[in-house]
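Residue numbers (the working numbering): 1071 to 1490.
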């Protein structure tokens, strides 16, 4: 599917690092980042968890509050007047849940403003780990908070609004059914709000990814996130489910006490960071898949309009620029002449602990053949612009340093005085 994604390429939120290009696959790289930087992943997870503690505290207090009301209200208890009295408690439990959820989920939504600090820093740090193959500093975490907070808090508030609505509709449904009312309408409304909350959650995750990765206006973030979500629906569903593995383990733990303990350990160690790592890595893959080809297509379109003479001149100028940069670092034989690229076909078989005269002869033949290949490659490429320009610039420097007076002492040519 061709995606019309605009204003992404060249607008990355990466002013504190340079994105590195790697030939390794995206998911192989993600696994290497996870296992090779596990300590950093745990540290990022702890920082995210610190800013999520207010939300956790609200949920814990909510449970304590509801349990406390359960001890106070007269659920089929003896009133002490001589005969058992059974007051009308129809729908009382559901009413308690509804009133408690209105209060505590409102506070939970407000706590998302604090949680956005940890999520913005964690998402930016995970993007940086993936794009730089392991670079991370605490300064980078808080830099991510500074540049990505507004783009994080907005989707988080949107999702919390849908979640709040879903909880209230669910409580209302239970209350209506408990009081003997028709459950058709409430159940239908509950099903629709659940579907809307799931879709809103996926869309908000894309808003987070685009907002953390690129410098865009609010309208562009909303638009590009929508286009990218529609452009890869099956991939998005799969990786969203895969990223939430720590939460699936927690849900299993609600039925199996041992798994609940495991889920808590995982969430405390790296669960939250794992969710951010998988999601940011997946979205970076989508950006590479759709955004980069758009940029390449634009460059190819521009190159098609140029004449062969202009393209050749640009290539030559680029090679001269590279040679000048190498000149600034000092002359090197490794740079001044062509070096045969490493190839699997160019292998000199080593001698083992025991060897025969035939093995020695084979080794000598391999070395001789390798020497011929090196000489042939050097001869074929010695006049390439990048080497010719490099050696020419050094030759001019050396000539300028030659003494005019034969009696004067000849100045030693080195990498230090060539640029003086």
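No residue lacks a Cβ here, since even glycine has one placed at the ideal position from N, Cα and C.
Q | 8 angstroms contact criterion, which residue 1193 and residue 1278 should meet: CB distance rounded | A | 6 angstroms
Q. Is the region 1114 to 1126 in contact with the region 1336 to 1343, if contact means three or more CB pairs nearer than 8 angstroms?
A. yes
Q) Given residue 1487, which residues of its chain have a CB within under 6 angstroms of its CB, disregarding the five upstream and five downstream residues? A) Low confidence applies to residue 1487: its pLDDT is 44, below 50, so where it sits in the model is not reliable, and the reading given next is rough at best. Taken in chain order, the list of residues that qualify is empty.
Q | Residue(s) in a DSSP beta bridge with residue 1284 | A | 1082
Q: Check the C-beta distance from residue 1238 over to residue 1165 and give it rounded, since I have them as a contact under 8 angstroms.
A: Not really, about 13 angstroms apart at Cβ, beyond 8 angstroms.
Q | CA-to-CA distance, residue 1306 to residue 1272, given in whole angstroms | A | 8 angstroms
Q. Just checking, does the region 1253 to 1273 make contact with the region 1183 to 1203 on the three C-beta pairs under 8 angstroms criterion?
A. no
Q) So what's residue 1100 in DSSP terms, helix, strand or just coil? A) helix
(Q) Going by beta-carbon coordinates alone, are residue 1316 and residue 1336 separated by less than 9 angstroms? (A) yes
Q) Quick one: what's got a C-beta closer than 7 angstroms to residue 1314's C-beta in the same chain, skipping five residues either side? A) 1345
Q) In three-state terms, what does DSSP make of residue 1343? A) helix
**Q.** Test item: CB-CB of residue 1205 and residue 1284 under 9 angstroms
**A.** no
Q | Distance, residue 1387 Cα to residue 1228 Cα | A | 51 angstroms
**Q.** Sequence ranges, alpha helix (DSSP H) only - wholly within the region 1256 to 1342, length at least 4
**A.** 1288 to 1301, 1303 to 1313, 1315 to 1323, 1327 to 1336
Q.
Can you give me the C-alpha to C-alpha distance between residue 1224 and residue 1347, rounded to a whole angstrom?
A. 20 angstroms
**Q.** Whole-angstrom distance between residue 1309 and residue 1084, CA atom to CA atom
**A.** 24 angstroms
Q) How big is the Cα-Cα spacing for residue 1294 and residue 1203? A) 26 angstroms
Q: Using the Cα positions of residue 1095 and residue 1175, report the straight-line distance between them to the nearest angstrom.
A: 42 angstroms
Q.
If the criterion is Cβ atoms closer than 9 angstroms, does the pair residue 1353 and residue 1242 meet it?
A. no
(Q) Just verifying my parser: in three-state terms, what is the DSSP assignment at residue 1478? (A) Here residue 1478 scores only 48 on pLDDT, less than 50, and its place in the model is too uncertain to base an answer on.
**Q.** Three-state class that DSSP yields for residue 1061 in the structure shown
**A.** Examination of residue 1061 is not possible in this model, given that the chain is present from 1071 through 1490 alone.
Q: Ignore the nearest five residues each way along the sequence and tell me which others in residue 1070's own chain have a CB closer than 7 angstroms to its CB.
A: The requested residue 1070 does not occur in the structure, where the chain is confined to residues 1071 to 1490.
Q.
Helix, strand or coil for residue 1168? Go by DSSP, reduced to three states.
A. helix
Q: Report the rounded CA-to-CA distance for residue 1454 versus residue 1098, giving the unit in angstroms.
A: 36 angstroms
Q: Alpha carbon to alpha carbon, how far is residue 1288 from residue 1325? Give it in angstroms, no decimals.
A: 42 angstroms
Q: Could you check if residue 1196 is buried or exposed, using at least 16 other CB atoms within 10 Å of its CB as the buried criterion?
A: buried
Q.
Along the chain, where does the alpha helix (DSSP H) containing residue 1240 start, and where does it finish?
A. 1208 to 1248
Q | Extent of the continuous alpha helix (DSSP H) run through residue 1444 | A | 1427 to 1451
Q) Taking just the CA atoms, how far does residue 1190 sit from residue 1082? A) 15 angstroms
Q. Does residue 1252 come within less than 9 angstroms of chain B when only Cβ atoms are used?
A. Note that chain B does not occur in the displayed structure, where there is just one protein chain.
Q: Answer yes or no: do residue 1210 and residue 1282 have a C-beta to C-beta separation smaller than 9 angstroms?
A: no
Q) Which word fits residue 1435, buried or exposed, when buried means at least 16 other C-beta atoms lie within 10 angstroms of its C-beta? A) exposed
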